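A.B. asks: Encoded as structure tokens, here's the structure I'll be asking about.
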Amino acid sequence: MSKDVADQTHCLVVEDQALIAMSIEIYLEEAGMAVQAVSSSAEARAWREAHTADIAIVDFLLQDGPATELAAELNRRAIPFVIYSGYPPRHGLSSELQGVPWLEKPTSRDELLKVVLNTLMAVSGQAPSSSTLQS
31 MSKDVADQTH CLVVEDQALI AMSIEIYLEE AGMAVQAVSS SAEARAWREA
81 HTADIAIVDF LLQDGPATEL AAELNRRAIP FVIYSGYPPR HGLSSELQGV
131 PWLEKPTSRD ELLKVVLNTL MAVSGQAPSS STLQS
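Quick note on the numbering used here: the sequence shown kicks off at 31 and runs consecutively.
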């Protein structure tokens, strides 16, 4: 089933492990989202210069360091995001990460999608329409 790209939920995936990024990308595309995967905070910033995202999934420790500055930028742009990390959240997280959903790898595909949808709902007050996402 073909969808108008403008009607799709756009997700930016920032993950430096290629297999994990591809897995997330495939699963979210199967769920009906438009997905762009990048492997660093710098690539994410460059992509954001010309594109927009409805939500982001961000690995906390990337090849170019912790994603704290990227988190601050996403907050400034009012783009909700989920941290997907191999590390548990620490006490005393920076303000950019306060209240952000934090999933530890590995997480099931269903749990990841559930958290993404809940995060979108919390921001917009409603879930993406059924025409936007496939089950």
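For every residue, glycine included, the Cβ atom is placed at its ideal position computed from N, Cα and C.
The structure presented is a predicted model; accordingly, all values stated were derived computationally and were not measured.
Quick one: grab the DSSP three-state call for Val88.
C.D. replies: Strand at Val88.
A.B. asks: Under the three-state reduction of DSSP, which class applies to Glu45: helix, strand or coil?
C.D. replies: Correct three-state label for Glu45: coil.
A.B. asks: Out of Val44, Ala86, Ile109, which one is the CA nearest neighbour of Ser71?
C.D. replies: When only C-alpha atoms are compared, the closest one is Val44.
A.B. asks: Could you spell out where the beta strand (DSSP E) holding Ser115 opens and where it closes?
C.D. replies: Residues 111–115.
A.B. asks: Tell me the residue span of the alpha helix (DSSP H) that contains Glu141.
C.D. replies: Taken as a continuous stretch (DSSP letters only), the alpha helix (DSSP H) holding Glu141 covers 139–154.
A.B. asks: Quick one: grab the DSSP three-state call for Leu100.
C.D. replies: Residue state, collapsed to three classes: helix.
A.B. asks: Taking the beta strand (DSSP E) that Ala67 belongs to, which residues open and close that run?
C.D. replies: 64–68 is the span of the beta strand (DSSP E), which, as asked, contains Ala67.
A.B. asks: Under a three-way DSSP split, which group does Asp37 fall into?
C.D. replies: The answer is helix: DSSP assigns Asp37 an H, G or I state.
A.B. asks: Distance, Cα to Cα, Val145 vs Leu42?
C.D. replies: Rounded to the nearest angstrom, the two C-alpha atoms are 15 Å apart.
A.B. asks: Which of helix, strand or coil does DSSP assign to Leu58?
C.D. replies: Residue state, collapsed to three classes: helix.
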